[in-house]
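Here's the structure we're looking at; comments come further down.
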Amino acid sequence: MNEIDKTATLSIVIPVYNVSKYLILAVDSVLEQTVQADEIIIVNDGSTDDSGELAEKHYGHLSHVKIIHTQNQGLGEARNVGTRAATGDYIYYFDSDDLLFPGLVEDFFQVLQTEPDVDVFAFSAESFFDPLAETVEVPDKARLPVYRRAAESVFSTGEEAFNDLSLRQVFYPNAWLYVYARRVQVENQLFFQPIIHEDEEFTPRMFLVAGKTVVTDRIYFKRRVRPGSIMNTAHSEKNITGYLCSIDTLESLAMSAKNETTRSNLKQRIILNIINITLMKKSSDLQLSAETRRRYNAICDKHANFMSKVAGVNFFLYRVIRFGLRKIKQVAS
Numbered sequence: 016m017n018e019i020d021k022t023a024t025l026s027i028v029i030p031v032y033n034v035s036k037y038l039i040l041a042v043d044s045v046l047e048q049t050v051q052a053d054e055i056i057i058v059n060d061g062s063t064d065d066s067g068e069l070a071e072k073h074y075g076h077l078s079h080v081k082i083i084h085t086q087n088q089g090l091g092e093a094r095n096v097g098t099r100a101a102t103g104d105y106i107y108y109f110d111s112d113d114l115l116f117p118g119l120v121e122d123f124f125q126v127l128q129t130e131p132d133v134d135v136f137a138f139s140a141e142s143f144f145d146p147l148a149e150t151v152e153v154p155d156k157a158r159l160p161v162y163r164r165a166a167e168s169v170f171s172t173g174e175e176a177f178n179d180l181s182l183r184q185v186f187y188p189n190a191w192l193y194v195y196a197r198r199v200q201v202e203n204q205l206f207f208q209p210i211i212h213e214d215e216e217f218t219p220r221m222f223l224v225a226g227k228t229v230v231t232d233r234i235y236f237k238r239r240v241r242p243g244s245i246m247n248t249a250h251s252e253k254n255i256t257g258y259l260c261s262i263d264t265l266e267s268l269a270m271s272a273k274n275e276t277t278r279s280n281l282k283q284r285i286i287l288n289i290i291n292i293t294l295m296k297k298s299s300d301l302q303l304s305a306e307t308r309r310r311y312n313a314i315c316d317k318h319a320n321f322m323s324k325v326a327g328v329n330f331f332l333y334r335v336i337r338f339g340l341r342k343i344k345q346v347a348s
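Note that this note's numbering has the sequence shown beginning at 16, numbered continuously upward.
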């Protein structure tokens, strides 16, 4: 393990729910960093398997590891529990079925040597098909999600970073792609909403209040993908309402934004959420409640003019949106 002159402290928050198959590999990848985080907080979110017991058995004796057991409240609230328990100057949210490359913590502290007032540290990630998955499907690596920044940059504000990353189509909302200053979260009361797809609204909120932001193309995170899950995951109405709640937040941010570029990029995030809803509705053949259909139709109507601009850039995406809207309205009528 390497020695480094730390100028700040880092807490890593790991929500856990029914991941006994992956937990040890995931947490060990955090413990095997070349420089240790000051604090690791494992939040067992009411697991019904032996994830909680495994965490206690393997990591309960470590002085810098806290294990918290709660009733099941969902990923967002589990992160909030970890955030409230954290004491580090910075927080990193890690998912308990994925992996870290060993240099994240060390390289982050190296960044602090030259940029001590960083509020957000953004990096890249890669995906891999789960070798432990029980499937007969032959994985197609071309379908793996990509999370690359394709640049090394320092921005004076998170808003500048948000606009640059959005312009280059490399802004990703996933919380595990960022290290955040806890001070910014506390001062702005930034917590995750109790919804699915909570990152879609949390990360833009964080960027728009953050100060200095450092972006690197270095890969530190490995996302585990189960073969067949990218296109064939079963979705519920909670997935749809999660995106609708995120759209509400994005609309509020766009209304209050003073910068026209920021407003435009937030509207593009809204369109992406509409696309996600449409694709989910189409692939899962969901029967939505009348209230959810009403909310979706209202959002599509509200952003019809902006979607017409999308058509000039990407006609396929525009057709996806309009097709989904038409089908949902047919069901509603």
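Every residue, glycine too, gets a C-beta built ideally from N, C-alpha and C.
Note that the structure is predicted; figures quoted are calculated from it, not measured.
In three-state DSSP terms, what is Asn178?
-> By 1-based counting over the sequence shown, the position of residue 178 is 163. In the structure shown, Asn178 sits in a helix (DSSP, three-state: H, G or I).
As assigned by DSSP and simplified to three states, the class of Pro30 | Reading the sequence shown from its first residue, position 15 is the one you call residue 30. Pro30: strand per DSSP, three-state reduction.
Return helix, strand or coil for Ser271, following the three-state DSSP convention.
-> Counted from its first residue, the sequence shown places residue 271 at position 256. Helix.
Pick out whichever of Asn254, Thr98, Leu38 and Leu259 has its Cα sitting closest to the Cα of His73.
-> Residue 73 sits at position 58 when you count from the first residue of the sequence shown. Comparing Cα-Cα distances from His73 to each of Asn254, Thr98, Leu38 and Leu259, the minimum goes to Leu38.
Which one of Gly61, Ile57 and Thr63 has the shortest CA to CA distance from Glu71?
-> Your numbering for residue 71 matches position 56 in the sequence shown. Residue Ile57 is the option with its Cα nearest to Glu71.
Closer than 8 Å to chain D by CB, Ile82 = This model lacks chain D altogether, as it is built from one protein chain only.
Could you say which of Leu223, Leu303, Lys297 and Ile290 lies nearest to Ala269 if we only look at CA atoms?
-> Reading the sequence shown from its first residue, position 254 is the one you call residue 269. For the residues Leu223, Leu303, Lys297 and Ile290, the minimum Cα distance to Ala269 belongs to Leu223.
Kindly list the residues whose CB is nearer than 8 Å to the CB of Ala137, restricted to its own chain and excluding five residues on each side of it in sequence; keep chain order.
-> In the sequence shown, the residue the question calls residue 137 occupies position 122. Listed in chain order, the non-local C-beta contacts of Ala137 below 8 Å within the same chain comprise Arg164, Ala176, Leu180, Leu192, Tyr193, Thr228, Val229, Val230 and Thr231, local neighbours out to five positions each way being set aside.
To the nearest angstrom, report how far apart Arg99 and Gln88 are at their CA atoms.
-> Here residue 99 is taken as the residue at index 84 of the sequence shown, counted from 1. Here residue 88 is taken as the residue at index 73 of the sequence shown, counted from 1. Cα-Cα distance, rounded: 15 Å.
Starting from Ser11, follow its DSSP beta bridges and name the residues at the other end.
-> Outside the modelled stretch of the chain, which goes from 16 to 348, sits residue 11, for which no answer is possible.
In whole angstroms, what is the alpha-carbon distance linking Ala140 and Asn189?
-> Counting from one through the sequence shown, the residue named residue 140 turns up at place 125. Counting from one through the sequence shown, the residue named residue 189 turns up at place 174. Roughly 10 Å separates the two Cα atoms.
Run the CB neighbour count on Leu119, radius 10 Å, all protein chains shown included, and call it buried at 16 or more, exposed below.
-> As a first step, residue 119 must be located in the sequence shown, where it is residue number 104. The residue is buried, with at least 16 neighbouring Cβ atoms inside 10 Å.
With a threshold of 16 other CB atoms inside 10 Å of the CB of Lys317, please say whether the residue is buried or exposed.
-> Along the sequence shown, read from residue 1 onward, the residue named residue 317 stands at position 302. Per the 10 Å Cβ criterion, exposed.
Where DSSP assigns a beta bridge to Arg239, which residues make up the other side?
-> Numbered from 1 along the sequence shown, position 224 holds the residue referred to as residue 239. Phe143, per the DSSP bridge assignment.
Can you have a look at Lys81 and say buried or exposed, based on whether 16 or more other CB atoms are within 10 angstroms of its CB?
-> Residue numbering aside, residue 81 sits at position 66 when the sequence shown is read from its first letter. Label assigned to Lys81: buried.
Flag this pair as yes or no: are the beta carbons of Asn33 and Ser62 separated by less than 8 Å?
-> Translated into the one-based positions of the sequence shown, residue 33 becomes position 18. Translated into the one-based positions of the sequence shown, residue 62 becomes position 47. Note that the C-beta distance between Asn33 and Ser62 is below 8 Å.
Taking all protein chains shown into account, do 16 or more other C-beta atoms lie within 10 angstroms of the C-beta of Lys296, making it buried, or fewer, making it exposed?
-> Locating residue 296 in the sequence shown gives position 281, where the first residue counts as 1. Answer is buried; the Cβ neighbour count reaches 16.
Spell out a yes or no on whether the segment 116–132 and the segment 207–221 are touching, meaning 3 or more CB-CB pairs, one atom from each, closer than 8 Å.
-> no
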